[in-house]
Amino acid sequence: MFIIDEKEYDENKLNDQGKVAFVQIQNIANKRNQLALQNDELNVLSEHYGKILKDNLPAELEKEEDGTGE
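Residues 74 to 143 in the working numbering are what the sequence shown spells out, letter by letter.
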């Protein structure tokens, strides 16, 4: 069963073209979910490695960034 426009339908009663469209929509939804998870993972990794990079900057670069230039 699936819902479109607040009405419930049985996917088994779809014609062949409707069944193909239903499966394609399911595949698209799955891919979107996978991409959202990958995006979340990449954001976490980016933050992690960004912190490591900042923690390992040479001292003179840190001074230039804070505006002292000394």
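Even for Gly, the Cβ is constructed at its ideal location relative to N, Cα and C.
*On the three-state DSSP scale, how would you describe residue 81?*
Reading the sequence shown from its first residue, position 8 is the one you call residue 81. In this structure, residue 81 counts as strand in the three-state DSSP scheme.
I'd like the span of the alpha helix (DSSP H) that includes residue 130, first residue to last.
Looking up residue 130 in the sequence shown gives position 57. Where residue 130 is concerned, there is no enclosing alpha helix (DSSP H), given that its DSSP letter is neither H nor E.
Next on the checklist: Given this structure, state the Cα-to-Cα distance separating residue 115 from residue 104, to the nearest angstrom.
Outcome noted: Indexing the sequence shown from 1 puts residue 115 at position 42. Indexing the sequence shown from 1 puts residue 104 at position 31. Going by the C-alpha atoms only, they are around 16 Å apart.
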